[in-house]
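Below you'll find the structure, written out as structure tokens, and then a few comments.
Number of protein chains: 2
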Amino acid sequence: MSILLAAADVLRCFSSTRHDVTVTDLVALLDMPKSNASRLLRTMRDAGLLETVGDSKRYRPSVLLHQAGQVYRFSASLIDRADAVVARVSAEIGHTGYISVRQGTDIIGVTAHPGRHALRVVTAIGDRIAAFASSTGRALLARLPDDEIRRLYAGGFTPPSATAPQGFDELFARLAAARARGYAESEDEAVRGVGAISVAVGDPVSGDEVALCISFPAAMASAAERAAIITSLGQGAAEIAAITKDPRFIPLSSSIAE
Amino acid sequence: MSILLAAADVLRCFSSTRHDVTVTDLVALLDMPKSNASRLLRTMRDAGLLETVGDSKRYRPSVLLHQAGQVYRFSASLIDRADAVVARVSAEIGHTGYISVRQGTDIIGVTAHPGRHALRVVTAIGDRIAAFASSTGRALLARLPDDEIRRLYAGGFTPPSATAPQGFDELFARLAAARARGYAESEDEAVRGVGAISVAVGDPVSGDEVALCISFPAAMASAAERAAIITSLGQGAAEIAAITKDPRFIPLSSSIAE
DNA sequence: CAAAAAGTTCCATTAAATGGAACTTAAGTT
DNA sequence: AACTTAAGTTCCATTTAATGGAACTTTTTG
């Protein structure tokens, strides 16, 4: 096994709630001999992938990773386009907007636009959430055929709350609904009291697929407002789909029911 | 030599002008046997550090790097604070603002705020420029004692243009001026027709140091506007320095001459 | 100051990285 | 379509690095 896999595992330890790691953290998180953890962190620092925080024993990602990460952000022009749409819709509606991508069964936020409303929803960039239990995830999963989803979730899944899909039947039903309507939604699922509406769009040339999402306090969003979000996101995504000639794009159904 | 060093070298190949690399690119850029380049890229992809663009042979940074890079951005709260100042000044003045950090003799842009003016200056995030030949770089170098700078540039340096410091004497003179005034400036140096004003601030706890910079078309900036930029940046940086108790912070000199 | 926790170094063993060459695949040329 | 060249991959023996247990050092805590 290459040390690169271990290094990537280290990077996966970082999140909005874990800005740095220590040798002991790695031992616990990755179940690794501490001799190994010690050397791995030092080697990653020597390579320039990590840096030590001040002169403490804490390690955090380096500016090199930030730089390379920015390249990802800007190279995937699909993300840029989608981000522009979400920025516009977020500014219009006042709620928080996100762009997310899928990695296997995880969804990762790539960009965010905080809303103006007092009760604004903030999920952090770079955090992973379960794809099947979020509107962004289901918007992206809905682009796949059911058998591919079954393969993806060969190990099954554990619903994080009572409102998340409890099994395959429920997941497929929700995906079918998303496909029929052209958007996915969630309420009270990953985070209590929070609703979200998402659409997905892809670029067949680069293979990228992103979800555009507007998130809001569930109690605060009227039916009219939800309809406005759906229309704006759907139209924006449709414009992108037209540019990329996305063959899997699911346009909004003409009758926006529910 | 660990493969991590090679992997880090690969990441350093990416920039705003090189969004993806191929086996041949690596052979040329890193002077590496192509058998090696081929396996390295594949291994990095398998580890999740890179991803292939569509089904081509091109590799680009993955979302994992973007995620870890975001952690860097937000973990270094100094960057956040400095970014807020630059965002405000950029919005006030209308010119482009940057936050940059130093890595050895290089300066790397971390965040940017495009200006409103028609002639706006855009340098890309994540690109490396020479520290000695930029206002951001000299603002940061001015925080070091001269002998440390001499050690840093033990191998000498090559001026990129006639307006950049041509040797140590000139560099030290400019750094002395920056220390005396509390800000660094450049004009026509890295980019023709572009001027910039920078101040630096650090956090002794984390060891972070950043430069706050406003960049503008040289012909477009009046003396009054420059003075306004200097005052705004200087005051913003001073507030941050007060919070972090930065012992090396150089406040604006009371008489803003030149 | 003692005890515990955290981190580093050492060592033999195991596994991965290396680079040259042969091979395969893709792209351009007549 | 066959030819030529460029680009990428796989194979191999050799060299080098990674591994994990234990001993050791440093730092933190009561």
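Same order as they appear, the protein sequences are chains E and D. In terms of our numbering, the first sequence opens at residue 1 and continues consecutively. In terms of our numbering, the second sequence opens at residue 1001 and continues consecutively. We put the beta carbon where it would ideally sit given N, CA and C, even for glycine.
Which bits of chain D does residue i rub up against, with CB to CB less than 8 Å?
i, result
"A262 (chain E)", "Within the shown structure, residues of chain E are numbered from 1 to 258, placing residue 262 (chain E) beyond reach of any answer."
Would you decide whether residue i is buried or exposed? Buried here means 16 or more other CB atoms lie within 10 Å of its CB.
i, result
"M1001 (chain D)", "exposed"
"Q1166 (chain D)", "exposed"
"D1080 (chain D)", "exposed"
"G1054 (chain D)", "exposed"
"E185 (chain E)", "buried"
"A1257 (chain D)", "Any reading at A1257 (chain D) must be qualified, since the residue scores a pLDDT of 40, below 50, and its modelled position is unreliable; the value itself is stated next. Per the 10 Å Cβ criterion, exposed."
"A224 (chain E)", "exposed"
"E239 (chain E)", "exposed"
"E1148 (chain D)", "exposed"
"R1226 (chain D)", "buried"
"G1109 (chain D)", "buried"
"G1156 (chain D)", "exposed"
"D146 (chain E)", "exposed"
"D1203 (chain D)", "buried"
"S222 (chain E)", "exposed"
Could you tell me whether any Cβ in chain D is nearer than 8 Å to the Cβ of residue i?
i, result
"L140 (chain E)", "no"
"I108 (chain E)", "yes"
"V199 (chain E)", "no"
"F14 (chain E)", "yes"
Residues of chain D with CB closer than 7 Å to the CB of residue i, please, in chain order.
i, result
"Y98 (chain E)", "Chain D residues near Y98 (chain E): none, gap ~13 Å exceeds 7 Å."
"I3 (chain E)", "S1002, I1003 and L1004"
"G54 (chain E)", "V1205, S1206 and G1207"
Does the beta carbon of residue i sit closer than 8 Å to a beta carbon anywhere in chain E?
i, result
"Y1059 (chain D)", "no"
"A1257 (chain D)", "Any reading at A1257 (chain D) is ruled out, since the residue's pLDDT is 40, under 50, leaving its predicted position unreliable."
"R1088 (chain D)", "no"
"M1044 (chain D)", "yes"
"D1020 (chain D)", "yes"
"S1075 (chain D)", "yes"
Going along chain E in order, which residues have a C-beta closer than 8 Å to the C-beta of residue i?
i, result
"A1008 (chain D)", "A47, G48, L49 and L64"
"F1216 (chain D)", "The contacting residues do not exist; F1216 (chain D) stays about 23 Å from chain E at best."
Interface residues of chain E around residue i at Cβ under 7 Å?
i, result
"L1011 (chain D)", "L64 and A68"
"Y1072 (chain D)", "R60, P61, S62, V63, L65 and H66"
"Q1103 (chain D)", "V63"
"F1132 (chain D)", "Chain E residues near F1132 (chain D): none, gap ~19 Å exceeds 7 Å."
Name the chain D residues whose beta carbon is nearer than 9 Å to that of residue i?
i, result
"F249 (chain E)", "Here the premise fails: no neighbours, minimum Cβ distance about 17 Å."
Could you tell me if the beta carbon of residue i falls within a distance shorter than 7 Å of some heavy atom in the ligand FAD?
i, result
"R226 (chain E)", "Ligands are entirely absent from the displayed structure, and the ligand FAD is therefore not among its contents."
Using 8 Å as the Cβ pair cut-off and three pairs as the minimum, do the stretch 232–246 of chain E and the stretch 1024–1032 of chain D touch? Verdict: no, contact absent.
Alpha helix (DSSP H) runs wholly inside the stretch 1129–1164 of chain D, at least 4 long, in chain order: If only complete runs of 4 or more residues are kept, the stretch 1129–1164 of chain D shows the alpha helix (DSSP H) at 1135–1141 and 1146–1152, in order along the chain.
Ignoring anything shorter than 3 residues, give me the beta strand (DSSP E) runs that lie fully in the stretch 1057–1097 of chain D, in order along the chain. Those beta strand (DSSP E) runs which fall completely within the stretch 1057–1097 of chain D and span 3+ residues are 1059–1061.
State whether the stretch 50–59 of chain E contacts the stretch 13–22 of chain E, with contact taken as three or more CB pairs (one from each stretch) at a distance under 8 Å. Yes: the two stretches touch, three or more of their Cβ pairs being nearer than 8 Å.
For the 8 Å Cβ check, are there 3 or more pairs between the stretch 1194–1202 of chain D and the stretch 1216–1223 of chain D? Three or more beta-carbon pairs separated by less than 8 Å link the stretch 1194–1202 of chain D to the stretch 1216–1223 of chain D, which places the two stretches in contact.
Tell me the start and end of each unbroken alpha helix (DSSP H) in the stretch 1171–1250 of chain D that is at least 4 residues and wholly inside, in chain order. Listed in chain order, they are 1223–1244.
Are there three or more Cβ pairs, one per stretch, closer than 8 Å when the stretch 1097–1117 of chain D is compared with the stretch 86–95 of chain E? Put simply, the stretch 1097–1117 of chain D does not touch the stretch 86–95 of chain E. Fewer than three CB pairs are less than 8 Å apart.
Three or more C-beta pairs closer than 8 Å, one from the stretch 227–241 of chain E and one from the stretch 177–189 of chain E: is that the case here? The stretch 227–241 of chain E vs the stretch 177–189 of chain E: in contact.
Could you tell me whether the stretch 69–84 of chain E touches the stretch 1132–1145 of chain D, where touching means 3 or more Cβ pairs closer than 8 Å? Segments in contact, no.
For the 8 Å Cβ check, are there 3 or more pairs between the stretch 33–44 of chain E and the stretch 1038–1048 of chain D? Contact fails: fewer than three Cβ-Cβ distances are below 8 Å.
Do the stretch 1203–1212 of chain D and the stretch 1158–1176 of chain D meet, that is, are 3 or more Cβ pairs less than 8 Å apart? A contact is defined here as three or more CB-CB pairs under 8 Å, and the stretch 1203–1212 of chain D fails this definition with respect to the stretch 1158–1176 of chain D.
What are the complete beta strand (DSSP E) segments, minimum 3 residues, inside the stretch 1024–1050 of chain D? Within the stretch 1024–1050 of chain D, no complete beta strand (DSSP E) segment of 3 residues or longer occurs.
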